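Undergrad: Following this message is one structure expressed as structure tokens.
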Amino acid sequence: MQYKPKSEFMDVMIQRGFLADCTDYQALDDAFSSGVVPGYIGFDATAESLHVGSLIQIMMLRWLQKTGNKPIVLMGGGTTKVGDPSFRADERPLLGPEQIERNIQGIKQVFASYISFGEGSTDALLLNNAEWLDNLNYLDFLRDIGRHFSVNRMLAFESVKSRLDREQSLSFLEFNYMILQAYDFLELNRRYGCVLQMGGSDQWGNIVNGIDLTRRVLDHEIFGLTSPLLTTSDGKKMGKSQDGAVWLNASMKSPYEFWQFWRNTTDSDTGRFLKLYTELPLDECERLGALGGAEINEAKVTLANEVTAMLHGVDAAIAAEATAREVFERGGLGDDLPSVDLTKDEITEGISIVQLFVRAGLVSSGKEAKRLIADKGARVNDELVEDSSQTLTNTDIDQPLKLSAGKKRHAVVRVIG
RNA sequence: GGAGGAGUGCCCGAGUGGCUAAAGGGGACGGACUGUAAAUCCGUUGGCUAUGCCUACGUUGGUUCGAAUCCAACCUCCUCCA
Numbered sequence: 243m244q245y246k247p248k249s250e251f252m253d254v255m256i257q258r259g260f261l262a263d264c265t266d267y268q269a270l271d272d273a274f275s276s277g278v279v280p281g282y283i284g285f286d287a288t289a290e291s292l293h294v295g296s297l298i299q300i301m302m303l304r305w306l307q308k309t310g311n312k313p314i315v316l317m318g319g320g321t322t323k324v325g326d327p328s329f330r331a332d333e334r335p336l337l338g339p340e341q342i343e344r345n346i347q348g349i350k351q352v353f354a355s356y357i358s359f360g361e362g363s364t365d366a367l368l369l370n371n372a373e374w375l376d377n378l379n380y381l382d383f384l385r386d387i388g389r390h391f392s393v394n395r396m397l398a399f400e401s402v403k404s405r406l407d408r409e410q411s412l413s414f415l416e417f418n419y420m421i422l423q424a425y426d427f428l429e430l431n432r433r434y435g436c437v438l439q440m441g442g443s444d445q446w447g448n449i450v451n452g453i454d455l456t457r458r459v460l461d462h463e464i465f466g467l468t469s470p471l472l473t474t475s476d477g478k479k480m481g482k483s484q485d486g487a488v489w490l491n492a493s494m495k496s497p498y499e500f501w502q503f504w505r506n507t508t509d510s511d512t513g514r515f516l517k518l519y520t521e522l523p524l525d526e527c528e529r530l531g532a533l534g535g536a537e538i539n540e541a542k543v544t545l546a547n548e549v550t551a552m553l554h555g556v557d558a559a560i561a562a563e564a565t566a567r568e569v570f571e572r573g574g575l576g577d578d579l580p581s582v583d584l585t586k587d588e589i590t591e592g593i594s595i596v597q598l599f600v601r602a603g604l605v606s607s608g609k610e611a612k613r614l615i616a617d618k619g620a621r622v623n624d625e626l627v628e629d630s631s632q633t634l635t636n637t638d639i640d641q642p643l644k645l646s647a648g649k650k651r652h653a654v655v656r657v658i659g
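Everything in the first sequence is counted per my numbering, starting at 243 for the first residue and increasing by one.
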């Protein structure tokens, strides 16, 4: 990056790899240097939790606050009713209002781990665009806002064009998404003096529209800044692990499993992730990321600890590490492993090994359990399970049992009552 | 409103009366190699109270001994015309 920023925020963004593009580096840098900059990021309420794919945006808000500015979290209570078509091949299923509300409640809580909310000048705000979108009057909106949009131009946006080029339908509903998002920016500027929108680089078009609209309607100069769309170095989309999305809410992904996700980072991503997802000093990130061979494993532990501590707290990170060391380094059992509780009655009657694996959540069906056993991937207390028809009873379960599916996925069986 | 085309398993995509739980690829899972890495190689990939049964090729009916495959209606999407 050739540009040398004066402001701390811009410096951090550039140094740590958050910056993909910016509408006006110089002017935005000036704004940061001369006072508190309120900046926002929008989050759609399409699921009950955000996942690690959104973590980079959350970290940007955190840095924004850390460097003396005001973060605004915008929940897309209104826009989620429409659905962002950007770069998507097909239309999303429409979510009902109750589902959206539930999702917002689920998503909200995670932000408290990263930024502090309140009334002060650099305290964060949490807003919902349903506030101004729900009661729009169609004709007024068309006349006041719609007249500033050129359809010719909207069609030229890459996010839309790619869809049209492939002759995939784009409904009028979805087509309006970018107008609504642009309008969000305008409203945030009008109501809260927000002058910056950040987002993933797929949001570039939407962000630029908001800037143009605000210039036309209010004659205010505002800014946009995007982060690179992250893929792991093996080309996969950030945020997927063995069993699907890596959710941020503890109820959907336990701290131990979350920790494991980071622990399993690919070598070549380690340094980059340390810069993006932790607040360790840059030279430390570089040193750790440059470790070679087996040594880099300790860098991954540091990464996992830092990221987990920020989200779930230091204790959770310590517990996760302790469990991981116990399980992987000593081949033992850890408190944090996923567990299944069986009642005394159940084990008196006996439970099939297949059912046990299903109950533990290590496999999703009995057939899969049998397959796992046939593939020599199932172990009980580190002993290979050979016979899928065996049943366990009291005599077999006199102490906690460790179930393993492959080398990495483990669970504990406990007897209760 | 009219004319044509399409809807297949987690995803993409072949299949146009029995040999089809459905080719191939991707993904995912397991194994080997390692460092709880990557790459590579091998295997697996609908479910169940399991030598059998159930569910599955947009939906519902029909033809047939037998249908993802043929017919009808409906739903959704695409293209062209009005």
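All C-beta atoms, glycine included, are put in the ideal place defined by N, C-alpha and C. Quick caveat: nothing in here was measured; it's all calculated off a predicted structure.
Assign Arg433 to one of two classes, buried (16 or more other C-beta atoms within 10 Å of its C-beta) or exposed (fewer than that).
TA: The residue is exposed, with fewer than 16 neighbouring Cβ atoms inside 10 Å.
Undergrad: Grab me the residues of Thr565's own chain with a C-beta within less than 8 Å of its C-beta, minus the 5 sequence neighbours each way, in chain order.
TA: Excluding sequence neighbours, Thr565 sits near Tyr498, Gly576, Asp577, Asp578, Leu579.
Undergrad: Within 8 Å: the Cβ of Gly281 and any heavy atom of the ligand ATP?
TA: This structure simply doesn't include the ligand ATP, nor any ligand for that matter.
Undergrad: When DSSP labels each residue in this structure, what does Leu471 get in the three-state scheme?
TA: Here Leu471 sits in coil by DSSP.
Undergrad: Hey, how far is the Cα of Val569 from the Cα of Val655?
TA: Those two C-alpha atoms are separated by around 15 Å.
Undergrad: Mapping the DSSP letters down to three states, classify Thr216 as helix, strand or coil.
TA: The structure shown has nothing for residue 216, since the chain only spans 243 to 659.
Undergrad: Using only the alpha-carbon positions, how far apart do Ser443 and Thr512 sit?
TA: Those two C-alpha atoms are separated by around 22 Å.
Undergrad: What first and last residue would you give for the beta strand (DSSP E) that runs through Ser581?
TA: Note, Ser581: beta strand (DSSP E), 581–585.
Undergrad: Quick check on Glu625: does DSSP put it in helix, strand or coil?
TA: Of the three classes helix, strand and coil, the one that applies to Glu625 here is strand, per DSSP.
Undergrad: Can you tell me where the alpha helix (DSSP H) holding Leu516 begins and where it ends?
TA: First-last of the alpha helix (DSSP H) with Leu516: 512–519.
Undergrad: When burial is assigned at 16 or more other CB atoms within 10 Å of the CB, is Arg389 buried or exposed?
TA: Answer is exposed; the Cβ neighbour count stays below 16.
Undergrad: For the alpha helix (DSSP H) containing Tyr282, list its first residue and its last residue.
TA: Unbroken run through Tyr282 is the beta strand (DSSP E), 280–285; no alpha helix (DSSP H).
Undergrad: Go ahead and label Asn506 buried or exposed: buried means 16 or more other beta carbons lie within 10 angstroms of its beta carbon, across all protein chains shown.
TA: Flag for Asn506 reads exposed.
Undergrad: Would you mind reading off the limits of the alpha helix (DSSP H) that contains Lys612?
TA: Its alpha helix (DSSP H) spans residues 608–616.
Undergrad: Would you call the CB atoms of Ser646 and Ala620 closer than 9 Å?
TA: Yes; because the gap between Cβ atoms is below 9 Å, this pair is in contact.
Undergrad: Under the rule that 16 or more other beta-carbon atoms within 10 Å means buried, what is Ser291, buried or exposed?
TA: By the 10 Å Cβ count, Ser291 comes out buried.
Undergrad: Going by Cα to Cα distance, which pick from Ala269, Thr590, Gly573 is closest to Val657?
TA: The residue with the shortest Cα to Cα distance from Val657 is Thr590.
Undergrad: Is Phe515 closer than 9 Å to Leu545 when the C-beta atoms are compared?
TA: Yes, they are a contact pair.
Undergrad: By the DSSP assignment, the beta strand (DSSP E) with Leu270 in it spans what residues?
TA: Leu270 -> not in any beta strand (DSSP E); alpha helix (DSSP H) instead, spanning 267–275.
Undergrad: On the CB-based measure, 16 or more other CB atoms within 10 Å of its CB, does Pro339 come out buried or exposed?
TA: The residue in question, Pro339, is exposed, as its Cβ has fewer than 16 Cβ neighbours within 10 Å.
Undergrad: Evaluate contact between the region 354–362 and the region 439–453, counting only Cβ atoms and requiring at least three cross-stretch pairs below 8 Å.
TA: Result no; under three Cβ-Cβ pairs closer than 8 Å.
Undergrad: Considering only their Cβ atoms, is the gap separating Pro313 from Leu367 smaller than 9 Å?
TA: A contact, by the Cβ cut-off of 9 Å.
Undergrad: Using a 10 Å radius around the Cβ and a threshold of 16 neighbouring Cβ atoms, would you call Gly466 buried or exposed?
TA: It counts as buried.
Undergrad: Less than 8 Å between the CB atoms is what I'm expecting for Lys517 and Gly259, so what's the real figure, rounded?
TA: Indeed, because the Cβ distance is near 5 Å, the residues count as touching under 8 Å.
Undergrad: Which first and last residues belong to the alpha helix (DSSP H) in which Pro497 is found?
TA: Residues 497–505.
Undergrad: Just verifying my parser: in three-state terms, what is the DSSP assignment at Thr508?
TA: Of the three classes helix, strand and coil, the one that applies to Thr508 here is coil, per DSSP.
Undergrad: With H, G and I counted as helix, E and B as strand and the rest as coil, what does DSSP make of Gln439?
TA: DSSP places Gln439 in strand when its eight states are reduced to three.
Undergrad: By alpha-carbon positions, which one of Asp263, Leu428, Pro247 ends up nearest to Phe274?
TA: Of Asp263, Leu428, Pro247, the residue nearest in Cα terms is Pro247.
Undergrad: Restricting to Cα atoms, I'd like to know which of Leu378, Ser631, Arg405, Ala602 is closest to Ile615.
TA: Ranking the options by Cα distance to Ile615, first place goes to Ser631.
Undergrad: Applying the criterion that 16 or more other CB atoms from any shown protein chain within 10 Å of the CB defines a buried residue, is Gln347 buried or exposed?
TA: So Gln347 counts as exposed.
Undergrad: Give the range of the alpha helix (DSSP H) segment to which Ile256 is assigned.
TA: Unbroken alpha helix (DSSP H) run through Ile256: 250–258.
Undergrad: Are Ala287 and Asn345 closer than 9 Å when you measure CB to CB?
TA: Against a cut-off of 9 Å, the Cβ pair of Asn345 and Ala287 comes out as a contact.
Undergrad: Would you please state the rounded distance, in angstroms, between the beta carbons of Asn431 and His462? I believe it to be under 8 Å.
TA: The Cβ separation is near 6 Å, so the contact holds.
Undergrad: Quick one: give me the first and last residue of the alpha helix (DSSP H) that Ile357 is part of.
TA: Unbroken run through Ile357: none, as it is neither H nor E.
Undergrad: Could you tell me which residues DSSP pairs with Cys264 in its beta bridges?
TA: Answer is Leu467, bridged to Cys264.
Undergrad: Flag this pair as yes or no: are the beta carbons of Val294 and Phe599 separated by less than 9 Å?
TA: Contact flag unset, no.
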